[in-house]
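Visitor:
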Amino acid sequence: MQDKNKVALVTGGSRGLGKSMALQLAERGVGLIITYRTEKQKADEVVSEIAAKGGKALALPFDAGNIGALNEFIGLLSRGLKSNWNTDRFDFLINNAGIGATIPFDKATEQDFDNFLNIHFKSVYFLCQRALPLMNDNGRIINISTGTTRFVNPGYSIYASMKGAIEVFTRYLAKEVGSRGITANVVAPGPVETDFNNGAIRNAPPERRNGIMANTALGRLANADDISGVIAFLCSEDSAWVTGQRIEASGGINL
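Residue numbering for the sequence shown follows our numbering, beginning at -12 and increasing consecutively.
#1: Report the rounded CA-to-CA distance for I218 versus V34, giving the unit in angstroms.
#2: Mind checking T170: buried by the 16 CB within 10 Å criterion, or exposed?
#3: Let me know if G238 comes out buried or exposed under the rule of 16 or more other beta-carbons within 10 Å of its beta-carbon.
#4: Are I153 and F113 close, meaning C-beta to C-beta below 8 Å?
#5: Measure from the alpha carbon of R127 to the alpha carbon of each residue in K6, V17 and L4, then state which is nearest.
#6: Figure out for me which residue from Q11, N210 and A147 has the closest Cα to the Cα of K40.
#7: Classify M(-12) as buried or exposed, calling it buried when 16 or more other Cβ atoms lie within 10 Å of its own Cβ.
#8: Measure from the alpha carbon of K162 to the alpha carbon of each residue in G231, P178 and L45, then state which is nearest.
#9: Who pairs with V174 in a beta bridge, going by DSSP?
#10: Considering Cα atoms alone, identify which of E235, G168 and G206 is closest to F79.
#11: Apart from the five residues just before and just after D182, which ones in its own chain have a Cβ nearer than 8 Å to its Cβ?
#12: Suppose you measure from the CA of L221 to the CA of I21; what does that come to, to the nearest Å?
#13: Please list, in chain order, all residues of the same chain as A51 whose beta carbon is under 6 Å from its beta carbon, the five residues on each side excluded.
#14: Return the CA-CA distance between T133 and R15, expressed in angstroms with no decimal places.
#15: Can you tell me whether DSSP reads F79 as helix, strand or coil?
#16: Give me the Cα-Cα distance between K69 and L45, rounded to the nearest whole angstrom.
#17: What do you get for S166, buried or exposed, if any count of 16 or more other CB atoms within 10 angstroms of its CB means buried?
#18: Where does the unbroken beta strand (DSSP E) through Y244 begin, and where does it stop?
#19: Quick check on V179: buried or exposed, where buried means 16 or more other Cβ atoms within 10 Å of its Cβ?
#20: Within a Cβ cutoff of 6 Å, which residues of the same chain sit near S144, ignoring the five residues on either side of it in sequence?
#21: At the level of alpha carbons, what is the spacing between G151 and V229?
#22: Taking the beta strand (DSSP E) that G87 belongs to, which residues open and close that run?
#23: What is the rounded straight-line gap between the Cα of T157 and the Cα of N73?
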């Protein structure tokens, strides 16, 4: 069981992997702040589900594509911490919010590039920077990457390039926040059955799903809980000596 005084911020926590992460941490006694961009109702449902099990959670709006709104979000975060937990600090930052799209290289536009850059890299970089003064010492920063920084999936050149930048950034971050006892790590999922990228894996035709499973050491597709369990571990005391690492949670795909 986690310390009940710990609080986590999970961006993109209204559905999919983020929702699973929030629920797993709540089960361990962690307070949750989740963010949503448009789906307030789904975020409120996650908050209600956590509350029904005796936990405490808060949902805040956050548009990762709007870098200019970061300071406003930090203000919301500060007020939410004070009003719900009577503190001005939190412990765990999980940068999960993101978008997916399959865009062939020869069809990619500058707008596509800038959109993925802002959401998957720039907002993560500066959210870490601006949230750091609100984080307790010995906290955790976890950035979500992808298996496709190691193996190639055509159509993911923009997405995977931004995640590659996140992986380099995380190593630098680990070095620069280490003096405070804060760890920074990357979790890189493989294919997961969620609604990400319009449910590309969950709704894939049988032949594609079977092909993925055939190339995966554990012989199946992942579900959200397979990933959120790794997040919960990295937020535990058991992971205190793990930092600057890329942890791939892919079931051994494309070994």
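Idealized CB from N, CA, C, for every residue including glycine.
Guide: For this structure:
#1: In the sequence shown, the residue the question calls residue 218 occupies position 231. In the sequence shown, the residue the question calls residue 34 occupies position 47. Between I218 and V34, the C-alpha separation is close to 19 Å.
#2: Counted from its first residue, the sequence shown places residue 170 at position 183. So T170 ends up on the buried side.
#3: The count along the sequence shown starts at 1 and reaches residue 238 at position 251. By the neighbour-count rule (16 or more Cβ atoms within 10 Å), G238 is buried.
#4: One-based indexing of the sequence shown puts residue 153 at position 166. One-based indexing of the sequence shown puts residue 113 at position 126. No.
#5: Locating residue 127 in the sequence shown gives position 140, counting from the first residue. For the residues K6, V17 and L4, the minimum Cα distance to R127 belongs to V17.
#6: Taking the sequence shown and counting its residues from 1, one reaches residue 40 at position 53. Of Q11, N210 and A147, the residue nearest in Cα terms is Q11.
#7: For the purposes of this step, residue -12 is taken as residue 1 along the sequence shown, with counting starting at 1. Annotation note: pLDDT 47 at M(-12) (below 50); position unreliable, no value reported.
#8: What you label residue 162 is simply residue 175 of the sequence shown in a count that begins at 1. Checking every option, the nearest Cα to that of K162 belongs to G231.
#9: Locating residue 174 in the sequence shown gives position 187, where the first residue counts as 1. Answer is I131 and I234, bridged to V174.
#10: Here residue 79 refers to the residue found at position 92 when the sequence shown is read from its first residue. The shortest C-alpha separation from F79 is found at G168.
#11: The sequence position of residue 182 within the sequence shown is 195, counting from 1. So the list reads R2, G3 and R189, once near-sequence residues are dropped.
#12: As a first step, residue 221 is located in the sequence shown; it is residue number 234 there, counting from the start. As a first step, residue 21 is located in the sequence shown; it is residue number 34 there, counting from the start. Approximately 18 Å between the Cα atoms of the pair.
#13: What you label residue 51 is simply residue 64 of the sequence shown in a count that begins at 1. Around A51: A84, I106 and S110.
#14: On the sequence shown, residue 133 is found 146 positions in, with the first residue counted as 1. On the sequence shown, residue 15 is found 28 positions in, with the first residue counted as 1. The alpha-carbon atoms of T133 and R15 are separated by roughly 26 Å.
#15: Start at 1 with the first residue of the sequence shown, and residue 79 comes out as number 92. In the structure shown, F79 sits in a strand (DSSP, three-state: E or B).
#16: For the purposes of this step, residue 69 is taken as residue 82 along the sequence shown, with counting starting at 1. For the purposes of this step, residue 45 is taken as residue 58 along the sequence shown, with counting starting at 1. Cα-Cα distance, rounded: 12 Å.
#17: Taking the sequence shown and counting its residues from 1, one reaches residue 166 at position 179. S166 should be labelled exposed.
#18: A question about residue 244 goes unanswered here, because the residues of the chain that appear run from -12 up to 242.
#19: Here residue 179 is taken as the residue at index 192 of the sequence shown, counted from 1. By the neighbour-count rule (16 or more Cβ atoms within 10 Å), V179 is buried.
#20: In the sequence shown, counting from the first residue as 1, residue 144 sits at position 157. F92, listed in sequence order.
#21: As a position in the sequence shown, residue 151 is number 164, starting the count at 1. As a position in the sequence shown, residue 229 is number 242, starting the count at 1. Whole-angstrom Cα-Cα distance: 20 Å.
#22: In the sequence shown, counting from the first residue as 1, residue 87 sits at position 100. Careful: G87 lies outside any beta strand (DSSP E) and carries neither H nor E.
#23: Counting from 1 along the sequence shown, the entry for residue 157 is found at position 170. Counting from 1 along the sequence shown, the entry for residue 73 is found at position 86. Spanning the two alpha carbons is a distance of roughly 30 Å.
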